[in-house]
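One structure is given below, encoded as structure tokens.
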Amino acid sequence: MKVDTQERELLIRDKYQGDRTADLSEDLQRLSSGEPLAYVIGWIPFCGVRIELSSRPLIPRPETEWWTLDLIEHLKQKFRDSPFTLLDLCAGSGAIGISVLSALPNARVHFAELVPEHVAQIQANLLINGIDVSRVELHQGDLFSALPDVSFNVIATNPPYVPSMRELEKSVIDFEPAEALFAGTDGLDLVRTIARDTPSHLLPRGELW
1 MKVDTQEREL LIRDKYQGDR TADLSEDLQR LSSGEPLAYV IGWIPFCGVR
51 IELSSRPLIP RPETEWWTLD LIEHLKQKFR DSPFTLLDLC AGSGAIGISV
101 LSALPNARVH FAELVPEHVA QIQANLLING IDVSRVELHQ GDLFSALPDV
151 SFNVIATNPP YVPSMRELEK SVIDFEPAEA LFAGTDGLDL VRTIARDTPS
201 HLLPRGELW
């Protein structure tokens with residue numbers, strides 16, 4: 001597989017700070033095998049923060065970034081300077097919750113994630129972005145089982161939603177975590193569970209995104 005010029009330029013810029021004398025041979029081999037550029041670089045920009053991907057969570061997509069920016073703007077208008085709590089459910093790399101924390105100093109964010117290595121990655125990403133960890137709670141477990149008695153003003157989640165038999169690009173199937181992609185034969189297993197359980201975890205006038 002040929003590495004295109006744009007990927008090569010992004011690799012030099014974001015992994016080697018523009019150093020064109022850097023040895024790219026190993027990285028180019030990884031790209032040639034189909035490994036996503038974000039994993040090879042090791043991090044991705046997202047809503048003005050830096051999200052490192054050492055634990056190899058699902059790579060945040062541009063449409064998720066757009067959705068998160070929309071969420072942040074809504075939260076600014078709804079809460080203004082008032083404190084509020086948000087749950088980033090199925091948090092993965094923590095990109096959504098960390099973006100909210102960075103943009104809104106009145107936010108307190110809980111992260112719930114199934115995979116322990118990703119919980120550690122979220123903690124690292126919080127520190128990388130200079131987030132005050134006193135505004136944060138990390139929970140490891142399956143959906144709401146990680147925090148059975150906690151309610152929030154807002155729950156934001158981008159859960160797995162791909163039907164189990166759907167074919168995806170080889171670079172996604174071979175390198176990104178299946179548990180972050182597939183959710184039963186129609187892709188709605190986790191969506192149904194979240195929709196069922198969310199009402200008992202929302203404060204009055206709370207919202208699910």
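In my numbering, the protein residues as written are 1 to 209. A virtual CB, placed ideally from N, CA and C, is assigned to each residue, including glycine.
Check: Short of 8 Å in beta carbon distance, which residues of its chain neighbour residue 126, apart from the five on each side in sequence? Order them along the chain.; Outcome: 94, 98, 101, 133 and 136
Check: Closest to residue 195 by C-alpha separation, out of 122, 209 and 4, would be which residue?; Outcome: 209
Check: According to DSSP, is residue 17 part of a helix, a strand, or is it coil?; Outcome: coil
Check: Could you check what DSSP says for residue 125 in three-state terms: helix, strand or coil?; Outcome: helix
Check: Does residue 50 come out as helix, strand or coil in the three-state DSSP assignment?; Outcome: strand
Check: Any idea what DSSP makes of residue 113, helix, strand or coil?; Outcome: strand
Check: Less than 7 Å between the beta carbons of residue 55 and residue 139, yes or no?; Outcome: no
Check: Less than 8 Å between the CB atoms is what I'm expecting for residue 47 and residue 65, so what's the real figure, rounded?; Outcome: 6 Å
Check: Secondary structure at residue 197, three-state DSSP: helix, strand or coil?; Outcome: helix
Check: Considering just the uninterrupted stretch of the alpha helix (DSSP H) at residue 154, what are its terminal residues?; Outcome: No alpha helix (DSSP H) contains residue 154, which is instead part of the beta strand (DSSP E) from 152 to 157.
Check: Name the residue from 185, 31, 152 and 187 whose alpha carbon lies nearest to the alpha carbon of residue 231.; Outcome: Within the shown structure, residues of the chain are numbered from 1 to 209, placing residue 231 beyond reach of any answer.
Check: Any beta carbon from chain C within less than 7 Å of residue 138's own beta carbon?; Outcome: Among the chains in the structure shown there is no chain C, since it carries only a single protein chain.
Check: Can you tell me which of 44, 29 and 112 puts its alpha carbon nearest to the alpha carbon of residue 3?; Outcome: 29
Check: Would residue 106 pass as a contact of residue 81 if the rule is Cβ separation under 7 Å?; Outcome: yes
Check: Do you know how far the Cα of residue 38 is from the Cα of residue 63?; Outcome: 16 Å
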